[in-house]
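Peer 1: One structure coming up, written as C-alpha cells, with questions to follow.
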Amino acid sequence: MSAAIEVEGLSHVYGGTVPALEDISLRVPAGRFTVIVGPSGCGKTSLLMMLAGLRTQTRGAITCLGKPIPQPDPERVGVIFQEASLYPWLTSLENIEFPLSLRGTPKGEMRRRAEAMLELVGLTGFGGRYPHELSGGMKQRVSIARGLVQDPPVLLMDEPFAALDEQTRMTMGHELLRIWSTTSKTVVFITHSLTEAVYLADEVLVMSARPGRIIDRITIDLPRPRTYEMMATDVFGRLRDRIWRQIRKAD
Amino acid sequence: MKVIVARLALLALVLAAWQLLPSRGLVNPLLLPPLGDVLQMLGELVQRAQVREALAVSAAEVLLAFLIAVPLGALLGVLIAEHDYLGEVFKPALFVVFAIPKSIFLPLFILVLGVSFQQKVAYAAFTTTFVVLMSAAAAVESVKQDYLLVARSYGATQLQLVTRVYVPSMLPLLLETLRISMIFNFTGVLIAEMYASRTGIGHLIASWGENFQMKQLFAGVILLAAAAILFNETLRWMEHRVSTWRA
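Residue numbers (my numbering), protein chains in the order written: chain A, 430 to 680; chain B, 4 to 250.
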C-alpha cells in the first residue's frame with residue numbers, strides 16, 4: 430500500500446532551546462486510520478500542526494501524498510478541531526460552506542455540497558441553526574462536515590471529542606467510523622482516551638513525554654466494522670493494557 | 004407584558020409628578036417649573052435663531068471629534084493589541100493615563116488653542132480616543148486563536164483572516180465601542196462648552212443656569228437627553244441585530 434503521509438527524522442525545538450519532538454519517523458498508508466496517544470505536553474498537537482502545514486519543524490521531512498507541505502493545503506489535508514472552533518456568527522450550513530467560500534466556489538455548488546455533508550453527518554434539517562442552538566455532539570458533527578466538505582484525501586483530527594461527555598463520545602466515535610468507511614480517507618487522530626484509540630485505530634502510535642518520541646507502534650487487528658461488544662473482549666483489553674503500560678513508562 | 008406596563012406606569016408617574024408638584028405649589032415652581040411650561044419653552048427655543056445656531060455648532064463639534072477619535076483610537080488599539088512589542092511598551096502607560104479624569108486637562112487646551120471651535124473638538128477627541136483605544140484593543144484580543152487557526156488550515160489569506168474572522172468576531176464589541184465613545188464624545192463637547200465658550204448648546208445651558216432661567220434650562224436638558232437617547236438606542240438596536248449569536 431502506498432503511503433499517504435511519511436515523516437522522516439522530524440525534530441522540533443521550541444524557541445531555540447526547548448526540545449519538543451525528537452527524531453519522529455512514521456508512515457501512514459493510504460486509507461488507514463492511525464491514532465496517536467501520549468502524555469499531555471508530549472508534542473502530539475505540534476506534530477499534527479506540522480502535518481497540516483500550520484507550523485514548521487526544526488529538522489526532518491514531511492511528505493504528504495508525495496509532496497512536502499510547507500503551508501496549509503486544504504485540497505490535500507482537512508483539519509478537524511474541537512467543537513468550540515465553529516464560528517458562532519455563522520449557521521451550521523454556513524460553517525460547513527466556509528472552507529469552500531474562501532476559494533470562491535459558486536454559491537449553488539457550495540450549498541449543494543454543504544447540504545450533502547450535513548446529510549452525511551446526520552444533521553439534515555439543522556442547517557439553519559447557530560452553534561449555540563446545537564448540542565455538543567451536533568456541533569462536533571458540523572465540525573466533521575466542515576473538515577470533509579472539500580473532500581481532502583487526508584483528515585487530521587486533534588482530540589475532536591475531548592470536550593464531549595462519555596456517551597456522546599462513544600456515539601461520535603462510532604459515527605466517525607461509519608463516515609470513514611464510506612469515504613476511504615486517510616485519518617490521523619489524536620486522543621487521550623485509550624478505549625477510543627483501540628476502538629478506532631488500525632494502528633496506535635504511542636509517544637513519550639517531552640521531548641516526544643514514538644516509543645511503540647501497536648497494530649490493532651480487530652475486525653471491522655467495529656462494535657461496542659468488542660470493548661468487552663479479552664483482545665480489546667490486552668491491547669488497551671499494552672498502550673497503558675507504554676504511556677506509564679513514557680510519563 | 005406586565006413589565007412593559009410597569010415601565011410605562013413609572014414614566015407616567017414621573018411626568019405627572021413633574022407637572023403636578025410645582026403647579027400645586029408643593030415644590031417651588033421657580034426651581035422646578037411644571038412640565039407643561041418647560042415643553043412650551045422648548046417649542047419656543049427651537050424657533051430661535053440663536054439656539055439653532057448653537058445646536059449646529061455643537062453638532063459640528065461632536066461629529067468632527069467623533070470622526071477624528073474613532074479611526075485614530077481604533078488604529079492605535081489594533082496596533083497595541085496585534086503588535087506584541089508595542090503592546091508591552093504602551094499598555095501599562097495607557098492604563099495609568101486612562102485613570103486620570105480628562106477634564107483636568109481642559110485649561111491646558113484653552114491655553115494652547117484658545118476658547119475656540121478647535122479647542123472643543125480637540126478636547127472631545129482627546130477624551131474619546133482613549134475610550135476607543137481601550138475598547139478596540141479588547142475587541143481584537145477577544146478573537147479566539149482557534150478561529151484564526153481554523154481559517155488558516157482552510158487556506159485563508161491574510162485579507163480573508165481580517166474580513167472573514169476578525170471583523171465578524173469583533174463586530175458586536177465594535178458597535179458597543181462606537182456607542183460608548185459617543186457618550187464620552189458628547190460629554191467632552193458639553194463640558195468644554197460649559198466651562199468656557201461663546202456659543203454652543205452647552206454654553207447656552209450654562210448661562211441659563213447662571214441667570215436662573217429654569218424653564219430654558221430644563222428645556223435644554225430635555226433636548227440634549229432626547230438626542231443622546233436616540234443615538235444610543237439606535238446603536239443598541241444595531242448591536243442586538245448583529246449579536247444574536249452571542250447567546
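Even for Gly, the Cβ is constructed at its ideal location relative to N, Cα and C. The structure displayed is predicted, hence computed values, not measured ones.
1. Excluding sequence positions up to five away, which residues of its chain have a Cβ less than 6 Å from the Cβ of A/LEU455?
2. Classify B/VAL146 as helix, strand or coil using the three-state DSSP reduction.
3. Any Cβ of chain A within less than 8 Å of the Cβ of B/TYR150?
4. Going by C-alpha distance, which of A/ILE649, A/MET636, A/TYR657, A/ALA543 is nearest A/GLY470?
5. Let me know if B/VAL100 comes out buried or exposed under the rule of 16 or more other beta-carbons within 10 Å of its beta-carbon.
6. Any beta-carbon of chain A closer than 8 Å to the one on B/PRO25?
7. Go ahead and label B/LEU7 buried or exposed: buried means 16 or more other beta carbons lie within 10 angstroms of its beta carbon, across all protein chains shown.
8. Between the region 440-450 of chain A and the region 628-647 of chain A, do three or more beta carbon pairs fall short of 8 Å?
9. Is there a Cβ of chain A sitting closer than 8 Å to that of B/SER156, yes or no?
10. Taking contact to mean 3 or more Cβ pairs, one atom from each stretch, closer than 8 Å, check whether the region 157-175 of chain B and the region 88-106 of chain B are in contact.
11. With distances taken Cα to Cα, identify the nearest neighbour of A/THR656 among A/HIS603, A/ARG671, A/ILE649.
12. Name, please, each residue of chain A whose Cβ falls closer than 9 Å to the Cβ of B/PRO3.
13. Do A/ILE498 and A/VAL506 have their C-beta atoms closer together than 8 Å?
14. Apart from the five residues just before and just after B/VAL24, which ones in its own chain have a Cβ nearer than 6 Å to its Cβ?
15. Buried or exposed: where does B/SER119 fall if 16 or more other Cβ atoms within 10 Å of its Cβ makes it buried?
16. Can you pull the chain A residues whose beta carbon is under 7 Å from the beta carbon of B/TRP248, in chain order?
17. Of all Cβ atoms in chain A, is any one closer than 8 Å to the Cβ of B/VAL153?
18. Classify B/VAL115: buried if its beta carbon has 16 or more other beta carbons within 10 angstroms, exposed otherwise.
19. Starting from B/ASP40, trace the alpha helix (DSSP H) in both directions and tell me its first and last residue.
20. When you compare the CB positions of A/ASP587 and A/ILE619, do they come within less than 8 Å of one another, or not?
21. Closest to A/LEU515 by C-alpha separation, out of A/GLU562, A/PRO535, A/THR474, A/MET539, would be which residue?
22. Is A/LYS614 helix, strand or coil by DSSP?
23. Who pairs with A/ASP587 in a beta bridge, going by DSSP?
24. Below 7 Å on C-beta distance, what does B/ALA141 contact in chain A?
25. List the residues of chain B whose Cβ lies closer than 8 Å to the Cβ of A/ASP502, in chain order.
26. Tell whether a beta-carbon distance below 8 Å holds between B/LEU176 and B/LEU238.
27. Among the residues of its own chain, which have a CB less than 6 Å from the CB of B/MET241, if the five just before and after it don't count?
28. Just reading off the beta strand (DSSP E) that A/VAL506 is part of, what are its end residues?
29. Following the continuous alpha helix (DSSP H) through A/LEU549, name the residue where it begins and the one where it ends.
30. Can you find a C-beta in chain B that's less than 8 Å from the C-beta of A/VAL508?
31. For A/PHE462 and chain B, any beta-carbon pair shorter than 8 Å?
32. Rounded C-beta distance between B/MET173 and B/ALA142? I'm assuming under 8 Å.
Peer 2: For this structure:
1. Your numbering for residue 455 of chain A matches position 26 in the first sequence. Correct list, in chain order: VAL436.
2. The residue labelled residue 146 of chain B in the question sits at position 143 within the second sequence. Coil.
3. Numbered from its first residue, the second sequence carries residue 150 of chain B at position 147. Yes, B/TYR150 counts as interfacial toward chain A.
4. Counting from one through the first sequence, the residue named residue 470 of chain A turns up at place 41. Of A/ILE649, A/MET636, A/TYR657, A/ALA543, the residue nearest in Cα terms is A/MET636.
5. Here residue 100 of chain B is taken as the residue at index 97 of the second sequence, counted from 1. Its Cβ having fewer than 16 others within 10 Å, B/VAL100 is exposed.
6. Sequence index remark: in the second sequence, residue 25 of chain B carries index 22 (1-based). Answer no: the Cβ-Cβ gap between B/PRO25 and chain A never drops below 8 Å.
7. Looking up residue 7 of chain B in the second sequence gives position 4. Strictly speaking, residue 7 of chain B in this sequence is Ile, with Leu absent from that position. By the 10 Å Cβ count, B/ILE7 comes out exposed.
8. yes
9. Here the question's residue 156 of chain B lines up with position 153 in the second sequence. So, interface residue.
10. no
11. Translated into the one-based positions of the first sequence, residue 656 of chain A becomes position 227. Ranking A/HIS603, A/ARG671, A/ILE649 by Cα distance to A/THR656 puts A/HIS603 first.
12. The question about residue 3 of chain B has no answer, for chain B in this structure spans 4 to 250.
13. Walking along the first sequence from the start, residue 498 of chain A turns up at place 69. Walking along the first sequence from the start, residue 506 of chain A turns up at place 77. Yes. Within cutoff.
14. Stepping through the second sequence from its first residue, residue 24 of chain B is reached at position 21. Looking at the sequence itself, residue 24 of chain B is Leu, so the reference to Val does not match. The residues are VAL30.
15. The residue given as residue 119 of chain B occupies position 116 in the second sequence. Classification of B/SER119: exposed, given that the 10 Å Cβ count is below 16.
16. Mapped onto the second sequence, residue 248 of chain B falls at position 245. Going along chain A in sequence order, the residues near B/TRP248 (Cβ under 7 Å) are PRO517, TRP518, TYR559, HIS561.
17. Position 150 of the second sequence holds residue 153 of chain B. Taking Cβ atoms only, chain A reaches closer than 8 Å to B/VAL153, which makes this a yes.
18. Within the second sequence, the letter at position 112 stands for residue 115 of chain B. Exposed is the call here.
19. Here residue 40 of chain B is taken as the residue at index 37 of the second sequence, counted from 1. Taken as a continuous stretch (DSSP letters only), the alpha helix (DSSP H) holding B/ASP40 covers 38-48.
20. On the first sequence, position 158 is the one that residue 587 of chain A refers to. On the first sequence, position 190 is the one that residue 619 of chain A refers to. Result yes, Cβ atoms of A/ASP587 and A/ILE619 sit closer than 8 Å.
21. The sequence position of residue 515 of chain A within the first sequence is 86, counting from 1. The candidate whose alpha carbon is nearest that of A/LEU515 is A/GLU562.
22. Stepping through the first sequence from its first residue, residue 614 of chain A is reached at position 185. In this structure, A/LYS614 counts as coil in the three-state DSSP scheme.
23. Position 158 of the first sequence, counted from the first residue, corresponds to residue 587 of chain A. Answer is A/ILE619, bridged to A/ASP587.
24. Residue numbering aside, residue 141 of chain B sits at position 138 when the second sequence is read from its first letter. Ordered by position in chain A, no residue passes the 7 Å Cβ test against B/ALA141, which lies about 18 Å from the chain.
25. Translated into the one-based positions of the first sequence, residue 502 of chain A becomes position 73. Simply GLY158.
26. By one-based count along the second sequence, residue 176 of chain B stands at place 173. By one-based count along the second sequence, residue 238 of chain B stands at place 235. Cβ atoms of B/LEU176 and B/LEU238: not closer than 8 Å.
27. Looking up residue 241 of chain B in the second sequence gives position 238. These residues qualify, in order along the chain: LEU178.
28. If you number the first sequence from 1, residue 506 of chain A lands on position 77. It spans 506-509 - the beta strand (DSSP E) in which A/VAL506 sits, taken as one unbroken run.
29. The residue given as residue 549 of chain A occupies position 120 in the first sequence. Where A/LEU549 is concerned, the enclosing alpha helix (DSSP H) stretches over 536-549.
30. Position 79 of the first sequence, counted from the first residue, corresponds to residue 508 of chain A. Taking Cβ atoms only, chain B reaches closer than 8 Å to A/VAL508, which makes this a yes.
31. On the first sequence, position 33 is the one that residue 462 of chain A refers to. By this cut-off, A/PHE462 is not an interface position.
32. Working through the second sequence from its first residue, we reach residue 173 of chain B at position 170. Working through the second sequence from its first residue, we reach residue 142 of chain B at position 139. With a Cβ gap of about 4 Å, B/MET173 and B/ALA142 count as contacting.
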